[in-house]
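*Asks:* So the sequence lines, in the order shown, correspond to chains A and B.
Numbering-wise, the first sequence is residues -13 to 326 according to the working numbering.
Numbering-wise, the second sequence is residues 18 to 314 according to the working numbering.
Note that beta-carbon positions come from the ideal geometry of N, C-alpha and C, so glycine has one too.
Just so it is clear, the structure is predicted and the values come from calculations on it, not from any experiment.
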Amino acid sequence: MKIRLDTVIKTFDTFRAVRGVSLEIGSGELVALLGPSGSGKTTILRMVAGLEYADGGAIYFGETDATHIPVRDRGVGFVFQHYALFPHMTVGENIAFGMKVSKTKRKPAEIAARVADLLRLVRLEGLGDRFPMQISGGQRQRVALARALAVDPKVLLLDEPFGALDANVRRDLRRWLREIHDELGITTIFVTHDQEEALDLADRVVILNEGAIVQQGTPAEVTRAPKSGFVMRFLGDANRLSATVRDGVAYVGQTEISALDCIDGPAEVFTRPGDLDWASGGAGIKAMVSRVLDRPGERRVLALAESGEELEFDVEPERQIAAGDRGVVTIRRAQVFAKS
Amino acid sequence: MHTHKKPPRVGDSVLVRRTLIGFVLLFGALLVVSPLIVIGVQAFSQGWKVYSATITNSDTRHAILLTVVTALIAVPINTIFGVAAAWAITKFDFFGRRLLLVVIEIPFSVSPIVAGVAYLFVYGLQGLFGPALEAADIKILFALPGIVLASMFVTAPFVARELIPLMQAQGRELEEAATSLGASGWRTFLTVTLPNIKWAMLYGVVLCNARVMGEFGAVSIVSGNIRGQTNTLPLHIELLYHDYQAAGAFASASILALIAVFTILAKVALERRGAGRARRPSLVAACQHNSAEEIRP
């Protein structure tokens, strides 16, 4: 099912949570709404579900205007952040709930068979008689997904699906969710504040800030060609340096960086820690190492540039470098944005 | 107790502990337990025959019946009101929500006698609706409706007060989940909301019932104290006492005391199931929310 949002607006009291968001999601697509707290991502998801009504704009499911269809009849599967499993029902009863209350009557045997199928799909065979309290967080998450899928939803919506789980379970479930999506081909939207999760899992990432879309595209597009300093910083660690652009070249002190699309004037240069390097002398930004953090894959160096700006960069584990060392930082790759 | 081996905690000196425990036990015995014992002893002081004669006396029987009927009407109505109020306050946002919260608590802070007098002014012959009711031949004061109304006023907050904190902690997610799965509002209430609040609700019902059956102040004003007609059990006890029928008063009081014992047993049983204020946090934790709060990247 194709979904289209047309300048959707939502205001809570005086706080404008969503400021005219337009978005198209193709049938069978897996899309991440990514943004910091308060960016409006969960509100958008809840409006697509019908758990909140838009104050303005329209939401289309296929060609149908779904803006005012109540949640009950909208045919969406919603997975809540804290799962919202019914604590007084077993896992099997939770999954069967949607089928039992459905307007289309099903025979008990039919429901039982479907529950068994779904338990198999989410790899929880044999746990149908347990209560939510008796299973782990990751298992609850999968029950919530099975319950949402049981009603054959046109769209699957997940609110911070892995937010409450620890890192390892998260990574497993993420891959597994991708597999399920590819198997069922159901249009899926999920909300996350974790950029790694969004980039790992989604076909397309929609980055939101303060109730508006700041950029959308495939993981490759948003990571390789961020449109703003916000996107650059939000997607990962980034250094910010003040620069001046003249004739398509950004100058950071004496260092020159190509900035073909950037208008002349003051600008900001953003670099990833991996795109900087360190040399004891030569051309570059003069700096002094203030701290070295040893990490499994690399050494993270914190340095203070002569301009007073702080820099973070990574060097290989074998490199000899220590606090107090003086030298120059060289830039291998950078994004330049005009200062607004 | 061999606590001397451990270093004492703050306030854990033997003298303080013994004095405190001794004082509380003595105070409790004098204040709470001894009157109950006296009731039991006095009720049977003139033997089983007098006791059973008092209980089966027609006025006493009528008082018991009236008390039970009052409870049978007032408690269910207040339960429905309490659930509705708790639902409205915790699941909807509306203007005047906080005000409603305060209004529900009013009967707790107002002396019941004030409620009785207020009803007198509203429904009494000289009152607001008095003449109209008189004309329509509807009797509210000095009759069952007045007694039920006064009892309901006094006990209005019980169920709502038990449910509001619980339902607030449970949030709206379960209902939202049920609705998104296609359940109707009524179905959601019956299959999702009610099972999760039933013990707390029963707890409120038990407290409400105990209070309805024991209510004296408000009821004594509106009932008119007509023996064998509008006397509830507490009023009947007072009447017997004023008539110098001490044994009868104590016998009737023993029934109320018995109800109290059942109330306490029911209360303890319900608290074991997670109802009541003291157990509330664990119940909420049992629901869900093993949340790691949103972490900013």
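Which chain A residues sit within Cβ distance under 7 Å of proline 251 of chain B?
*Replies:* Here the premise fails: no neighbours, minimum Cβ distance about 38 Å.
*Asks:* At a Cβ cut of 8 Å, what residues of the stretch 186 to 210 of chain B count as close to chain A, listed as they run along the chain?
*Replies:* Against chain A - using a Cβ distance shorter than 8 Å - the residues of the stretch 186 to 210 of chain B are Glu190, Leu191, Glu193, Ala194, Ala195, Thr196, Ser197, Leu198, Gly199, Ala200, Ser201, Arg204, Thr208, Val209.
*Asks:* The ligand ATP heavy atoms versus the CB of isoleucine 56 of chain B: any closer than 7 Å?
*Replies:* Although the ligand ATP was asked about, the structure shown includes no ligands whatsoever.
*Asks:* Between leucine 224 of chain B and the rest of its own chain, which residues show a CB-CB distance below 7 Å, the 5 nearest in sequence each way excluded?
*Replies:* Contacts found: Phe175.
*Asks:* Comparing the C-beta of proline 212 of chain B with each C-beta of chain A, is any distance below 8 Å?
*Replies:* Yes, its Cβ sits closer than 8 Å to a Cβ of chain A.
*Asks:* Hey, is arginine 58 of chain A's beta-carbon within less than 8 Å of any beta-carbon in chain B?
*Replies:* It does; some Cβ of chain B falls within 8 Å.
*Asks:* Quick check: is the beta carbon of serine 308 of chain B nearer than 8 Å to any beta carbon in chain A?
*Replies:* For serine 308 of chain B, the predicted structure reports a pLDDT of 36, less than 50, and the residue's modelled location is therefore unreliable. A value from the coordinates is still provided. Taking Cβ atoms only, chain A reaches closer than 8 Å to serine 308 of chain B, which makes this a yes.
*Asks:* Helix, strand or coil for aspartate 51 of chain A, going by three-state DSSP, please let me know.
*Replies:* DSSP places aspartate 51 of chain A in strand when its eight states are reduced to three.
*Asks:* Taking only beta-carbon positions, decide if leucine 110 of chain A is within less than 8 Å of chain B.
*Replies:* No, no contact with chain B.
*Asks:* Measuring alpha carbon to alpha carbon, tell me which of A:Pro205, A:Val231, A:Gly234, A:Ser228 ends up nearest glycine 222 of chain A.
*Replies:* Residue A:Pro205 is the option with its Cα nearest to glycine 222 of chain A.
*Asks:* Look at the alpha carbon of valine 58 of chain B and the alpha carbon of alanine 101 of chain B, and state the distance between them as a whole number of angstroms.
*Replies:* Each residue's alpha carbon lies about 44 Å from the other.
*Asks:* Below 8 Å on the Cβ atoms is my guess for isoleucine 155 of chain B versus glycine 163 of chain B; work out the distance and round it to an integer in Å.
*Replies:* Not really, about 11 Å apart at Cβ, beyond 8 Å.
*Asks:* Please decide whether proline 212 of chain A counts as near chain B, where near means a Cβ-Cβ distance under 8 Å.
*Replies:* Chain B contact via Cβ: absent.
*Asks:* Leaving out the 5 sequence neighbours to the left and right, which residues in its chain are closer than 8 Å to alanine 264 of chain B when beta-carbon positions are compared?
*Replies:* Within the same chain, alanine 264 of chain B has close Cβ partners Gln59, Ala60, Ser62, Gln63, Val67, Tyr68, Thr71.
*Asks:* Got a sec? Which residues, its chain only, sit under 8 Å from asparagine 242 of chain B by beta carbon, not counting five neighbours each side?
*Replies:* Closer than 8 Å at Cβ, skipping near neighbours: Asn248, Leu252, Leu256.
*Asks:* Since threonine 178 of chain A and glutamate 146 of chain A should fall inside the 8 Å C-beta cutoff, what is the C-beta to C-beta distance between them, to a whole number of angstroms?
*Replies:* About 6 Å separates the two Cβ atoms, so the contact holds.
*Asks:* Run through DSSP, which three-state label would proline 252 of chain A get?
*Replies:* Strand.
*Asks:* Should glutamate 254 of chain A and lysine 140 of chain A be called a contact, given that it needs their Cβ atoms to be closer than 8 Å?
*Replies:* Their beta carbons are not under 8 Å apart, which means glutamate 254 of chain A does not touch lysine 140 of chain A by this criterion.
*Asks:* Identify the contact partners of proline 259 of chain A in chain B, using a Cβ-Cβ distance below 7 Å as the criterion.
*Replies:* Result: empty, since nearest Cβ-Cβ is about 15 Å, beyond 7 Å.
*Asks:* Using DSSP's beta-bridge definition, name the partner residues of isoleucine 199 of chain A.
*Replies:* Isoleucine 199 of chain A is bridged to A:Leu194.
*Asks:* Along the chain, where does the beta strand (DSSP E) that runs through tyrosine 237 of chain A open and close?
*Replies:* First-last of the beta strand (DSSP E) with tyrosine 237 of chain A: 235 to 238.
*Asks:* Could you tell me if serine 122 of chain A is buried or exposed, where buried requires 16 or more neighbouring beta carbons within 10 angstroms of its beta carbon?
*Replies:* So serine 122 of chain A ends up on the exposed side.
*Asks:* Closer than 8 Å by C-beta to proline 314 of chain B: which residues in its own chain qualify, once you throw out the five before and the five after it? Chain order, please.
*Replies:* At proline 314 of chain B, the pLDDT of 33 sits below 50, so the modelled position is not reliable; the number obtained from the coordinates is stated separately. Cβ within range, chain order: n/a, list empty.
*Asks:* In this structure, what does DSSP give as the bridge partners for glycine 141 of chain B?
*Replies:* Answer by DSSP bridge pairing: none, since glycine 141 of chain B is not bridged.
*Asks:* On the CB-based measure, 16 or more other CB atoms within 10 Å of its CB, does proline 94 of chain A come out buried or exposed?
*Replies:* By the 10 Å Cβ count, proline 94 of chain A comes out exposed.
*Asks:* If you measure from the beta carbon of histidine 54 of chain A to each beta carbon in chain B, is any gap under 8 Å?
*Replies:* No - not a single Cβ of chain B is within 8 Å of the one on histidine 54 of chain A.
*Asks:* Run down chain B in chain order and give the residues with a C-beta less than 9 Å from the C-beta of aspartate 87 of chain A.
*Replies:* What sits at residue 87 of chain A in the sequence shown is valine, not aspartate. Going along chain B in sequence order, the residues near valine 87 of chain A (Cβ under 9 Å) are Ala195, Leu198, Gly199, Ala200, Ser201, Arg204, Thr205, Thr208.
*Asks:* According to DSSP, which residues form a beta bridge with tryptophan 328 of chain A?
*Replies:* Beyond the ends of chain A as shown, which are -13 and 326, falls residue 328 of chain A; an answer cannot be given.
*Asks:* Report yes or no: is there a C-beta of chain B within less than 8 Å of the C-beta of phenylalanine 66 of chain A?
*Replies:* Closer than 8 Å: yes.
*Asks:* Tell me, which residues are paired with valine 4 of chain A by DSSP?
*Replies:* Valine 4 of chain A is bridged to A:Lys(-4).
*Asks:* How would you write the range of the alpha helix (DSSP H) that valine 100 of chain B sits in, first residue to last?
*Replies:* Residues 75 to 108.
*Asks:* Which runs of the beta strand (DSSP E), 3 residues or longer, sit entirely within the stretch 166 to 236 of chain B?
*Replies:* Taking only runs of at least 3 residues, no beta strand (DSSP E) segment lies wholly in the stretch 166 to 236 of chain B.
*Asks:* Is the number of C-beta pairs between the stretch -9 to 5 of chain A and the stretch 23 to 43 of chain A that are closer than 8 Å three or more?
*Replies:* Yes: at least three Cβ pairs fall under 8 Å.
*Asks:* From which residue to which residue does the beta strand (DSSP E) around leucine 343 of chain A run?
*Replies:* As shown, chain A starts at -13 and ends at 326. That puts residue 343 of chain A outside it, with no answer to give.
*Asks:* When burial is assigned at 16 or more other CB atoms within 10 Å of the CB, is serine 244 of chain A buried or exposed?
*Replies:* That one is exposed.
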